Amino acid sequence: MGPEDGIEAIVEAGLRVGYRHLDLAEIYSTGPAVGRALAASGVPRREVWLTSKLDGLPCGDYAEVKARVQAMLAKVHGEQGAGELGGEEGGHYFDLLLIHYPLPRGRDLATEDPATMSRAEDFEWFQSNIREAWKNMVHLHRDGLVERIGVSNFYSQHIEVLDALVRDLGEDGVPVFANQLFIDAAHPEKDLVEQLTRTGVAVLAYRPLAFMPNYVIVEEISGPVSEALAAAGEGLTALQPLVLEWLAARGITPVCSSANEAHLEGNLAACAKGTGMGGTADVPGGAPSPVFAAIEVLAATLQSSPAADMVAMIGAVDEYAQAFRQQMASGASGSS
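Under the UniProt record's numbering, the residue at position 119 of the sequence shown is numbered 119, and the numbers go up by one with no gaps.
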């Protein structure tokens, strides 16, 4: 079985157990496998939410940007993917299209040195090019290729620039629908999530469980976190689904997968439970639910010394997300 066969099997299993949100990107090679799995599943297109991401800021000629998106759609839907929105079965379109990262197209988010992505000139380039890029995104939306538009790896400094641009465009602009970010128990991004949700921007969390095996070996978390989990009737072995519950309770959509069908079912159930939890569900007086409180303890512990130092030492962070977070204009300063 090749890599695409593996992806196809995972997507088929996910659709079978109830997943209805699939995450793609221009730089991934998963489009054809996702398309085959979707066709084989029998699930109508209109019942599945397809998110995809354009490689870098889509600057330049709109016709070229549009052709890129049509090619992305064709990978999922076959040659018919070049069509416009509509059709009896829901049409060929993306429910949500994101700008993958705030840099020019063609950066390698797997092997390139992250330090080359957080220079002052990188942010200054972003400031100079975001208007053209966002206008192209708006054009894609109005041409019916995408229903909603958003961003990924945009932090407060990027959002402030983009918000001002959307206001300046007035009726010619379309607001940001979503921001997909690296968020996990050690990097909860509370201030940014609050900023986004306050302005009506949906938050998606990528790699929410990627570093959980690293965190559970940090000695400092065992005492307070074990006590909090015991109070919630849970144990350290149950951390992964509890983190998904916690994210969903914060109004965040986790983006994760598994090659194990039982894990897929468990992750889906955890997200559904967290969505209903709301952080305070079914608790008299509005106090946090025991599970929510337990993962809050985990997050606080992982961000406090000495656990935070250990997390940094073992490299339990997405280095590219960290680089985008650190982008700043020359002479500017920001808080961590």
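Just so you know, even glycine gets a beta-carbon here, dropped at the ideal spot from N, CA and C. Since the model is a prediction, treat every value here as computed from it, not as a measurement.
Check, Outcome
"Sequence-distant residues of its chain with Cβ nearer than 6 angstroms to residue 253 (five each side left out)", "204"
"For residue 221 and residue 301, believed in contact at Cβ under 8 angstroms, the rounded distance", "5 angstroms"
"Assigned exposure category for residue 29 - 16 Cβ within 10 Å defines buried", "exposed"
"Cα-Cα separation, residue 200 to residue 55", "25 angstroms"
"Inter-stretch contact at 8 angstroms, needing at least 3 Cβ pairs: the stretch 223-237 / the stretch 303-319", "no"
"For residue 178, the nearest candidate out of 52, 151 and 228 (CA to CA)", "151"
"Beta-carbon proximity of residue 95 to residue 147, cut-off 9 angstroms", "yes"
"Classification of residue 61 by the beta-carbon crowding that lies within 10 angstroms, buried from 16 upward", "exposed"
"Residue 11 - DSSP class collapsed to helix/strand/coil", "helix"
"Beta-carbon gap between residue 59 and residue 164 smaller than 9 angstroms", "no"
"Where residue 136 falls, given that 16 or more other Cβ within 10 Å makes a residue buried", "buried"
"Beta-carbon proximity list for residue 36, same chain, < 6 angstroms, skipping 5 on both sides", "8"
"Unbroken stretches of the alpha helix (DSSP H), 4 residues or longer, contained in the stretch 97-151", "120-142"
"Supposed contact pair residue 48 and residue 38 - C-beta distance, whole angstroms, cut 8 angstroms", "6 angstroms"
"Residue burial classification, residue 53 (beta-carbon count within 10 angstroms, cutoff 16)", "buried"
"Sequence-distant residues of its chain with Cβ nearer than 8 angstroms to residue 186 (five each side left out)", "211, 215, 299, 302, 303, 308, 311, 316 and 317"
"Helix, strand or coil at residue 41 according to DSSP, with G and I counted as helix", "helix"
"First and last residue of the uninterrupted beta strand (DSSP E) at residue 221", "Note, residue 221: premise wrong, no beta strand (DSSP E); alpha helix (DSSP H) at 219-231."
"Proximity to residue 323 [Cα-Cα], best of 153, 249, 258 and 24", "153"
"Residue 92 versus residue 251 - alpha carbon distance", "28 angstroms"
"Exposure label - residue 194; buried when at least 16 CB within 10 Å", "exposed"
"Terminal residues of the beta strand (DSSP E) in which residue 95 lies", "Unbroken run through residue 95: none, as it is neither H nor E."
"Proximity winner among 328, 261 and 294, relative to residue 18 (alpha-carbon distances)", "261"
"Residue 22 versus residue 41: straight-line alpha-carbon distance, rounded", "13 angstroms"
"Residue 182, DSSP secondary structure in three states", "strand"
"Local Cβ density within 10 Å of residue 325, reported as buried at 16 or more and exposed below that", "buried"
"Identity of the residue in 270, 255, 169 and 122 nearest residue 158 by Cα", "122"
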